[in-house]
Structures are given as structure tokens and as C-alpha cells.
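Asker: Below is one structure. I have some questions about it.
Numbering (this note's numbering), first residue to last: 8 to 514.
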């Protein structure tokens with residue numbers, strides 16, 4: 008390592024963080040390595056594998072890895088920054104490991120980590136995740152509090168790009184008094200040691216999950232699966248959450264003696280899925296084809312929130328559909344029907360907001376929500392402000408056509424449903440760009456890709472777009488088509504005690 012080095016920016020070999028780390032890991036003066044990072048990857052570990060393997064084979068040594076989520080740039084710009092993604096880092100690491108090619112060097116890293124990690128997080132390799140806030144800073148400490156420790160703080164994540172590729176800026180500190188200073192009061196300045204230890208003690212053990220659910224189940228781990236098992240695993244990764252949602256009976260079919268309309272099996276499944284999506288992220292969309300009873304399905308969700316959860320429910324629909332909604336509530340014998348307002352009557356909405364401001368809304372239901380696909384208009388502004396005034400509200404959107412002409416139609420509806428906090432829906436992976444983006448960013452990039460395809464080839468590869476769009480939509484949309492129901496129920500559906508099929512249509 009270059010003598011007197013203070014700043015490390017990856018501009019050349021001698022100023023590469025990876026080169027510095029390799030030298031420090033190989034230094035027998037240190038028996039402990041502590042790393043706090045916003046992300047980790049397998050290729051980065053490959054670069055330091057010889058040195059780290061030799062370090063871990065020594066007696067009385069340990070390697071501590073603290074993972075935390077970095078905020079997106081947008082998080083600094085919004086009034087109320089998004090909360091941490093509940094799927095971080097589980098989903099992201101799984102995805103990255105899945106996308107890597109199967110190589111011997113990756114398997115060697117997996118074997119080494121598996122060897123030194125135990126489920127109690129007391130092995131030579133210990134892993135924790137910090138979830139109380141975003142973790143933007145990165146810190147590397149070599150040595151215990153009883154050794155002459157050195158520390159590095161800066162911008163580099165513990166990844167191949169962070170250590171060798173990106174233009175970064177990190178500061179190297181070899182003054183043990185600075186690195187290992189233990190402050191007694193918060194008024195004293197922090198140190199590398201106090202900063203790391205406070206976060207480490209405030210984090211969750213993650214070694215068991217990392218070893219058994221991330222590493223071992225990846226193709227780089229030691230567990231082998233048959234082709235059939237891999238196929239089932241892939242299906243479960245895509246549709247597993249939907250299957251579990253449908254089976255959790257938040258609502259059920261009404262007693263025939265009640266006189267209420269008898270919902271079909273798929274409608275009950277849809278209602279249960281919608282409630283789970285609403286509970287998970289606060290916004291959901293029912294996008295069944297025309298004629299499949301979206302209103303009846305929505306009423307089951309409304310009953311759950313109004314009667315089971317004792318929450319205020321507001322239904323907003325086009326003026327022409329208000330009589331239909333009132334009749335539907337009558338059909339279901341609803342005594343105290345929810346508030347129903349016209350989508351067009353924004354002046355009345357303003358009065359209601361002002362007069363009933365002290366009573367929070369628990370559930371908003373927007374029928375024909377595609378009418379609110381254009382952001383920036385007066386009507387859109389009125390409703391998104393009302394949604395923002397009710398921070399804990401859920402939003403159910405009903406539309407058979409979530410996308411009219413462009414993906415922004417969908418983005419704006421979800422933006423409205425989330426009260427502008429679209430970050431709540433988490434981040435989505437773009438395989439081509441090898442990065443994670445918010446839903447809004449991801450849809451905008453897909454729209455850009457579609458325009459590019461038209462410019463370059465004159466047509467859109469809809470299969471490719473569909474493959475990328477489906478995982479995004481599954482997060483919050485429930486959708487059935489007539490063709491899908493006919494395929495799922497080839498013998499027909501039980502309607503009022505009789506098994507019936509859809510009538511055939513002829514040209």
C-alpha cells in the first residue's frame with residue numbers, strides 16, 4: 008500500500024480500494040474486520056477471496072458484515088421520504104445471484120461463506136441487517152478495539168464496482184486514537200468504532216437467512232435441484248404470493264339464506280388478494296375484464312374495511328355509475344352504505360374534505376380510475392390531496408383498462424392511489440441496465456425502450472415488454488379475463504346452485 012495514502016478514489020491500481028483492502032486483510036496485525044455497506048455482491052468477494060480465505064483460517068479472527076439500504080436520489084427530494092423496502096436485501100441479493108453465470112470462482116466464495124457462517128451468527132463470518140433507517144455511509148475497520156486499528160470511510164460499497172470500478176472517494180485513517188475512540192456522551196465526536204458498534208448492536212441477525220435462503224438455494228450454493236424442482240421454484244417465485252393471498256380467507260361466500268348475491272369463487276379469491284395487497288402496500292387495482300363483476304368484488308373488500316375494521320370508506324365513481332353503486336349496496340343488504348361521491352363533483356369533494364377532516368378515511372375506492380390517468384389536472388389534484396391528508400388510508404382502484412395509450416396512464420393512477428408516495432411499492436430490477444428502480448422510474452424506462460424499438464425497427468417486441476411488465480403489475484394488480492376463467496374452470500362455475508358456463512359468442 009502506498010505510504011502516506013489518505014484518499015482512495017479507484018483512479019489507479021495503487022489508489023484502488025480493492026487493492027488496499029487485500030493488503031489489509033493479509034496483514035496479520037488484525038484479527039477482526041468490520042464492514043458496513045449499502046450493498047454486497049459475489050463478484051466483489053471473488054476479488055479478495057485468497058486473502059479473506061487465509062484470514063478466516065486463522066485462529067480467533069472474525070469478519071462482520073453489516074448491510075443497510077441506501078436511499079434513492081429521489082428520497083432526498085420528497086417531503087416525506089419513503090420507508091425502507093421490506094424486501095431489502097433478501098429479494099435483491101437473490102436476484103443478483105440468479106443473474107450471475109455459474110462459475111467456479113463464485114462457487115468457491117459460496118463454499119467459503121457457508122463454511123464460516125452458522126445459524127446463530129456466532130461463526131467467523133457474521134452478518135446483520137440494519138432496518139431502522141437508510142444506511143448511506145460505508146465504513147471498513149481493520150482490528151479490534153484492543154488492536155491498533157485502521158479505518159476507511161467513504162462512498163464505496165462492498166462490491167466489485169465499489170472496490171475496483173466506480174469513481175469513488177474514501178478516506179483512510181491509520182490513527183488508532185481516532186478509529187478506536189469510544190465516546191461516553193453524544194456531545195463527544197463519533198469515531199469509526201462507535202459509529203459501527205452502535206449500528207451493529209441495533210441491527211438484526213441475518214446469517215441464518217443469508218446462508219439457508221439466499222446462498223444455499225442459489226445456483227452457486229451446494230444444494231442441487233432437479234429440472235422439475237427448478238421449474239416449480241420459478242413458478243412459485245412469480246406467483247407464490249398471489250396463491251397465498253387467495254387462500255387467506257379475509258372474506259368468504261355469504262350464506263345463501265342471507266339474500267345477498269352469491270359471489271363466484273374467482274371473485275372471492277380476487278377480494279382476498281386485494282385485501283392482502285392493500286395491507287402490504289396500501290394500494291391495489293382490480294382490473295378484471297368488463298362484465299366479470301368488479302363492483303361486487305369491490306363490495307366484499309368494502310365490507311371488510313367498513314364492518315370488520317370499522318373504518319370510514321369513501322367510494323368515488325363517475326356520475327353515471329352512482330345509481331349502480333347504490334343498487335349494488337342495496338342488493339348486499341348494506342344498512343349503512345359508505346359515502347359515494349361523483350368523480351366530476353370536485354366542489355362537493357372539497358366541502359366534504361373540509362367538514363369531515365377530523366374523521367380519517369380508511370379506504371378510498373376509485374371506480375373507473377382510468378379517468379384519473381392524467382396528472383396535473385384540477386380533478387387529479389383534488390383527489391391526490393385528499394389521499395395525502397389521510398396518510399394511513401388504503402386505496403382500491405377499479406378499471407378494466409389500466410393503460411390506454413401509454414404506461415404513464417398506469418403510473419399516474421398508482422401515484423394517486425399511493426398519495427404520491429410511489430416509493431412504497433419498493434424497487435424493481437432492470438436486467439438490461441442491471442440496476443433497481445422505483446415503479447415510476449421502471450415504467451418510464453420501459454416506455455423509452457418501446458419508443459426506441461419503434462424508431463429502430465418499426466415495431467414493438469410485445470413479448471419482451473410483457474416479460475418485464477408482468478412482475479411490476481403483479482405487485483399491486485389483480486386481473487382476470489373471461490378466457491382465463493374459462494380455462495381455469497372448464498366445467499363451468501356454480502351460480503345460484505347450478506353449474507353454468509359463459510355463453511358462446513358468434514361472429
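Each residue gets a CB set at the ideal place from its N, CA and C atoms; glycine is no exception.
May I have a chain-ordered list of the beta strand (DSSP E) segments no shorter than 3 residues that lie completely inside the stretch 276-346?
Answerer: 290-293, 319-324
Asker: First and last residue of the beta strand (DSSP E) that includes residue 69?
Answerer: The sequence position of residue 69 within the chain shown is 62, counting from 1. First-last of the beta strand (DSSP E) with residue 69: 69-75.
Asker: Evaluate contact between the stretch 292-306 and the stretch 399-415, counting only Cβ atoms and requiring at least three cross-stretch pairs below 8 Å.
Answerer: yes
Asker: Would you report the Cα separation of residue 368 and residue 428, rounded to the nearest angstrom?
Answerer: Taking the chain shown and counting its residues from 1, the one referred to as residue 368 is at position 361. Taking the chain shown and counting its residues from 1, the one referred to as residue 428 is at position 421. C-alpha separation (whole angstroms): 17 Å.
Asker: Note down, in chain order, each residue of its chain lying with its Cβ closer than 7 Å to the Cβ of residue 380, except the 5 sequence neighbours on either side.
Answerer: In the chain shown, the residue the question calls residue 380 occupies position 373. Result list for residue 380: 411, 416, 419, 420, in chain order.
Asker: Have a look at residue 167 and residue 186 and give me their C-alpha separation to the nearest angstrom.
Answerer: For the purposes of this step, residue 167 is taken as residue 160 along the chain shown, with counting starting at 1. For the purposes of this step, residue 186 is taken as residue 179 along the chain shown, with counting starting at 1. If I take the Cα positions, the gap works out to 25 Å.
Asker: Applying the criterion that 16 or more other CB atoms from any shown protein chain within 10 Å of the CB defines a buried residue, is residue 327 buried or exposed?
Answerer: What you label residue 327 is simply residue 320 of the chain shown in a count that begins at 1. Residue 327 should be labelled exposed.
Asker: In the DSSP assignment, the beta strand (DSSP E) including residue 522 goes from what residue to what residue?
Answerer: For residue 522 there is no data in the structure shown, the boundaries of the chain being 8 and 514.
Asker: Please look up how many angstroms separate the CB atoms of residue 472 and residue 453, rounded, as I've assumed it's under 8 Å.
Answerer: Residue mapping note: residue 472 aligns to position 465 of the chain shown, counting from 1. Residue mapping note: residue 453 aligns to position 446 of the chain shown, counting from 1. Confirmed, Cβ separation roughly 6 Å.
Asker: With a CB to CB cut of under 8 Å and the five nearest residues on each side skipped, what residues in its chain are close to residue 189?
Answerer: Taking the first residue of the chain shown as 1, we reach residue 189 at position 182. Same-chain partners within the cutoff: 152, 198, 200, 201.
Asker: Exposed or buried, residue 20, counting other C-beta atoms within 10 Å across all chains shown (16 or more means buried)?
Answerer: Within the chain shown, residue 20 is the residue found at index 13, counting from 1. Flag for residue 20 reads exposed.
Asker: Considering only C-alpha positions, which residue in the set 495, 359, 301, 357 is nearest to residue 403?
Answerer: Counting from one through the chain shown, the residue named residue 403 turns up at place 396. For residue 403, the nearest C-alpha among the options comes from 301.
Asker: Thinking C-beta only, is residue 425 closer than 9 Å to residue 449?
Answerer: Looking up residue 449 in the chain shown gives position 442. Looking up residue 425 in the chain shown gives position 418. No, the pair does not count as a contact, with Cβ atoms beyond the cut-off.
Asker: Specify the secondary structure class of residue 41 as computed by DSSP and reduced to three states.
Answerer: As a position in the chain shown, residue 41 is number 34, starting the count at 1. Assignment of residue 41 by DSSP, reduced to helix, strand and coil, places it in the strand class.
Asker: Considering only the beta carbon of each residue, do residue 170 and residue 116 sit closer than 9 Å?
Answerer: Taking the first residue of the chain shown as 1, we reach residue 170 at position 163. Taking the first residue of the chain shown as 1, we reach residue 116 at position 109. No, Cβ-Cβ distance for residue 170 and residue 116 is not below 9 Å.
Asker: In three-state terms, what does DSSP make of residue 127?
Answerer: In the chain shown, residue 127 corresponds to position 120, counting from 1. Under the three-state reduction of DSSP output, residue 127 falls in the coil class, being neither helix nor strand.
Asker: Let me know the secondary structure DSSP gives residue 408 once reduced to three states.
Answerer: As a first step, residue 408 must be located in the chain shown, where it is residue number 401. Coil at residue 408, not helix or strand.
Asker: Would DSSP call residue 91 helix, strand or coil?
Answerer: Residue 91 sits at position 84 when you count from the first residue of the chain shown. Model confidence at residue 91 stands at a pLDDT of 49, short of 50, so the residue's coordinates are unreliable and nothing is read from them.
Asker: Return the chain-ordered list of same chain residues with a C-beta closer than 8 Å to the C-beta of residue 333, the five sequence neighbours on each side being excluded.
Answerer: Position 326 of the chain shown, counting from 1, holds the residue named residue 333. Only 344, 347 meet the Cβ criterion.
Asker: Give the range of the beta strand (DSSP E) segment to which residue 137 is assigned.
Answerer: In the chain shown, the residue the question calls residue 137 occupies position 130. Here the beta strand (DSSP E) through residue 137 covers 132-137.
Asker: Using a Cβ-Cβ cut-off of 8 Å (strictly less than) and excluding sequence neighbours within five positions of residue 306, which residues of its own chain qualify?
Answerer: The count along the chain shown starts at 1 and reaches residue 306 at position 299. Correct list, in chain order: 335, 336, 339, 341.
Asker: In the DSSP assignment, what residue or residues form a beta bridge with residue 401?
Answerer: Here residue 401 corresponds to residue number 394 of the chain shown, with the count starting at 1. In DSSP, residue 401 forms a bridge with 370.
Asker: Which of helix, strand or coil does DSSP assign to residue 18?
Answerer: Position 11 of the chain shown, counted from the first residue, corresponds to residue 18. The answer is coil: DSSP assigns residue 18 none of H, G, I, E or B.
Asker: With burial defined as no fewer than 16 other Cβ atoms inside 10 Å of the residue's Cβ, what is the status of residue 143: buried or exposed?
Answerer: Residue mapping note: residue 143 aligns to position 136 of the chain shown, counting from 1. Here residue 143 is exposed. Its C-beta has fewer than 16 other C-beta atoms within 10 Å.
Asker: Would residue 24 be called buried (16 or more neighbouring beta carbons within 10 Å of its own) or exposed?
Answerer: By 1-based counting over the chain shown, the position of residue 24 is 17. Buried.
Asker: Can you have a look at residue 28 and say buried or exposed, based on whether 16 or more other CB atoms are within 10 angstroms of its CB?
Answerer: Indexing the chain shown from 1 puts residue 28 at position 21. Buried: at least 16 other Cβ atoms inside 10 Å.
Asker: Using 10 angstroms around the beta-carbon of residue 383, count the other beta-carbons present and answer buried if the total reaches 16, otherwise exposed.
Answerer: On the chain shown, residue 383 is found 376 positions in, with the first residue counted as 1. Looking at its Cβ environment, which holds fewer than 16 other Cβ atoms inside 10 Å, residue 383 is exposed.
Asker: Under the DSSP definition of a beta bridge, which residues are partnered with residue 180?
Answerer: What you label residue 180 is simply residue 173 of the chain shown in a count that begins at 1. Answer is 158, bridged to residue 180.
Asker: Considering just the uninterrupted stretch of the alpha helix (DSSP H) at residue 149, what are its terminal residues?
Answerer: In the chain shown, residue 149 corresponds to position 142, counting from 1. Looking at the DSSP string, residue 149 is not in any alpha helix (DSSP H); the run it does join, the beta strand (DSSP E), is 145-149.
Asker: Select from 113, 174, 260 the residue whose C-alpha is nearest the C-alpha of residue 270.
Answerer: Start at 1 with the first residue of the chain shown, and residue 270 comes out as number 263. Per the Cα distances, 260.
Asker: Would you grab the beta carbon distance between residue 217 and residue 323 for me? Rounded to a whole angstrom, and I think it's under 8 Å.
Answerer: Counting from one through the chain shown, the residue named residue 217 turns up at place 210. Counting from one through the chain shown, the residue named residue 323 turns up at place 316. 45 Å between Cβ atoms; not a contact.
Asker: Opposite residue 165 in the DSSP bridges: which residues?
Answerer: The residue labelled residue 165 in the question sits at position 158 within the chain shown. Paired residue(s): 47.
Asker: Identify which residue in 155, 16, 282 has its Cα closest to the Cα of residue 164.
Answerer: Counting from 1 along the chain shown, the entry for residue 164 is found at position 157. Among 155, 16, 282, the Cα nearest to that of residue 164 is on 16.
Asker: Below 6 Å CB to CB, which residues in the same chain sit around residue 31 once its five sequence neighbours on both sides are set aside?
Answerer: One-based indexing of the chain shown puts residue 31 at position 24. These residues qualify, in order along the chain: 149.
Asker: Measure how close the beta-carbons of residue 71 and residue 213 come, nearest whole angstrom, since I'm counting them as under 8 Å.
Answerer: Here the question's residue 71 lines up with position 64 in the chain shown. Here the question's residue 213 lines up with position 206 in the chain shown. About 12 Å; that fails the 8 Å criterion.
Asker: Let's see if you can read the secondary structure: which residues bound the alpha helix (DSSP H) around residue 360?
Answerer: Counting from one through the chain shown, the residue named residue 360 turns up at place 353. First-last of the alpha helix (DSSP H) with residue 360: 353-362.
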